[in-house]
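In what follows, a structure is listed as structure tokens, so that the remarks can point back to it.
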Amino acid sequence: MSAPKLKMRLGDLLVHEHIITNEQLMQALNSQKSTGRKLGDTLIELGHIGERQLQEFLAQQLNVPFLDISQRRIPNEVASLLPEVHARRLRALIIEDQGDSILLGMSDPADLSGLDQLERMLAPKKINLAVVMESQLYQAFDGLYRRTADIESFASQLEEEYQQTTDFDLSSTFSDDSGDATVGKLLQSVFEDAVQMRASDIHIEPDENLLRIRQRIDGVLQENILKENKIASAMVLRLKLMAGLDISEKRLPQDGRFNLQIKGHNIDVRMSTMPVQHGESVVMRLLDQSAGLLSLDKIGMPADLVARVRHQITRPHGMVLVTGPTGSGKTTTLYGALTELNQASKKIITVEDPVEYRLPRINQVQVAPKINLNFSTVLRTALRQDPDIIMVGEMRDQETVEIGLRGALTGHLVLSTLHTNDAITSALRLIDMGAAGFLVGSSLRAVIAQRLVRKICEYCSEDHSPDSQEMMWLTHLAGDEATTASYKKGRGCQSCQYTGYKGRIGVFELLEMNDAMMAALKRDDAEAFTELAKANPTFTPIAQAAFNYAKQGVISAEEVLRLVDSIDVQG
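The sequence shown begins at 1 in UniProt numbering and counts up one residue at a time.
Shown next as structure tokens:
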């Protein structure tokens, strides 16, 4: 095809068409000098024009079509006609194979040099050009250029290299450089795929005749099955070496951690092994250190709730608990609070298992039960270090609870987590663990309960009418409001891997103690405390908070009901 050309420079065209002002163009040009970015990207970053508006304008000026590729199903084999390295470098994607020609999407169709390279690479096929949004391009890259084929290829290669080993005891063959290299490439592909798909966990599970590699994406496991089940021992062995674990011990569980650099991401990996019937199961929790910490107003907490939480964590003393099951984002919330409290005038000590993020100025202690360095021991010592704020990773036993409560009572702010379903039962759980009611009532100031729920994919969100069963439960939850609300659901598209969901958001409930509730706790009156908490005008149950998100079109009705089911809401 003949390369399309703009008749004028982009900035002048946008001013001429009154899409931006001359002052906005000058501001963008000045910013461009310091950043070196393209003018279009700079205008979008400054908020002078939207990405879609710019790309549609470019398409019109170049007389080529604009395509919304989030709504298209692009076959992997079609996209792979252009290797990933060139696709990302030239910001181009093959959308459709049309026989003698291909439909090619580019975010910068005026890049004549890039288009010339693509024509040479894709010859003899003719290129039919379309303009696409760059943000959609990169999302498509992550979904289409997955490492699944590489994983299967390396797995097959590894099994071939070791099939001469009778018992497949790979500890004796690990000196084989080729095998070692293949295991490394296989694991590298597994980690790259997980990071690309924003997975929080990787599960390696050997079965009798196959090997399962599962990733938890947006809280839900997705499975990849390999027929080369015998390579599991090679993978586990290599991972144990990386984590500094005992490679000769296969009968007992082990825990470890290591760091990886994957595509510019600094990934902290927490690894747990467990002996199962057909070998050892491995679960790895991935923590992207390069992503940075989220502030309280970036984790999905509504603005009014953020203000109330900030009031609680800036009080000079008392205990604030964050509760929820494993994987509900409790640590993220606590670190968000610590980041805001981290000032030169405050001494902060944390007791953690493990230390997940390294924070400057904060004294972080990793517990080590093997040498009796447990939560209660460290907490007792921390109180003698003159802290203003103490963060305890988890209230696990009566001793830790009582020391934490007494610390909160004697002039310290204590932050911690607890594994309970909701905020109301958390206060009662402390008493169940053996803490005296008067101590809980005098020290506990607030409880934040939270869950992570899947967000509807913004690219394929559409109106949805819940079925009769869903509406019955929604009405039970929200009354008449449920019948008048408008709901959304993701249809499924390229961007969300056809799940209808992309990303997660926190749902919270905040229970702040008042005098009546504290008095009920002091006299161990669980029934009165529960009634007072539910009647507290500032308390919004977590299920109601989720329903509010559904009304706004952020999450689906199905996700609300999934959350309600997980917390077993009482009527």
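We put the CB at the ideal spot given by N, CA and C, even for glycine.
Keep in mind that this is a model prediction, so the values were computed, not measured.
Asked	Found
Contact check, D353 vs G393, beta carbons under 7 Å	yes
Start-to-end residues for the alpha helix (DSSP H) that takes in Y138	134–144
Alpha-carbon spacing of L321 relative to I371, whole angstroms	28 Å
Same chain, Cβ closer than 8 Å to L10, neighbours up to 5 away in sequence not counted	L39, G40, L58, A110
Residue span of the alpha helix (DSSP H) that contains I94, given as start and end	Element bounds for I94: not the alpha helix (DSSP H) but the beta strand (DSSP E), 92–97.
Cβ-based neighbour list, G506, same chain, cut-off 7 Å, excluding 5 preceding and 5 following	I299, G300, M301, G329, Q450, L452
Inter-residue spacing [alpha-carbon to alpha-carbon] between M235 and I247	12 Å
Classification of E280 by the beta-carbon crowding that lies within 10 angstroms, buried from 16 upward	buried
Spatially closest choice to A243 from E208, V282, E205, by CA coordinates	V282
Cβ shell of residue 575 (< 7 Å), same chain only, five flanking positions each side left out	The first residue shown for the chain is 1 and the last is 571, placing residue 575 beyond what the model contains.
Sufficient close CB pairs (3 or more, under 8 Å) joining the stretch 476–495 to the stretch 507–525	no
Under the three-state DSSP convention, the category L552 falls into	According to the sequence displayed, residue 552 carries Gln and not Leu. Q552 falls in the coil class under three-state DSSP.
For L477, the nearest candidate out of C496, D388, P541, R504 (CA to CA)	P541
Sequence-distant residues of its chain with Cβ nearer than 6 Å to S272 (five each side left out)	D255, V283
CB contact flag (L334, L415, <7 Å)	yes
Whole-angstrom distance between H317 and D108, CA atom to CA atom	56 Å
Where I225 sits in the DSSP three-state scheme	strand
Every unbroken alpha helix (DSSP H) within the stretch 11–79, with a cutoff of 4 residues, ordered by chain	22–35, 39–45, 51–62, 76–79
Span separating the alpha-carbon of T483 from that of M471	7 Å
Residue closest to G336, alpha-carbon to alpha-carbon, out of I69, R310, H278, L210	R310
For Y487, three-class secondary structure by DSSP	strand
Neighbourhood of D297 by C-beta, 6 Å cutoff - its chain only, sequence neighbours within 5 removed	V306
Three-state secondary structure (DSSP) of L563	helix
Residues near R504 in its chain [Cβ-Cβ closer than 7 Å; skip 5 each side]	D218, G219, L452, V453, R454, K455
N- and C-terminal bounds of the alpha helix (DSSP H) containing H311	303–313
F375 beta carbon less than 7 Å from that of T410	no
Terminal residues of the alpha helix (DSSP H) in which G336 lies	330–341
Cutoff 7 Å; reference R52; Cβ partners in own chain excluding five residues on either side	M133
Sub-7 Å separation of L286 and I262 beta-carbons	no
Distance CB(K488)-CB(S461) smaller than 7 Å	yes
Buried/exposed call for D193, threshold 16 Cβ in 10 Å	buried
Inter-residue spacing [alpha-carbon to alpha-carbon] between L67 and Q55	9 Å
Same chain, Cβ closer than 8 Å to L563, neighbours up to 5 away in sequence not counted	R451, V453, V507, I542, A543, A546
Validate contact between the stretch 431–442 and the stretch 344–353 using beta carbons, cut 8 Å, 3 pairs	no
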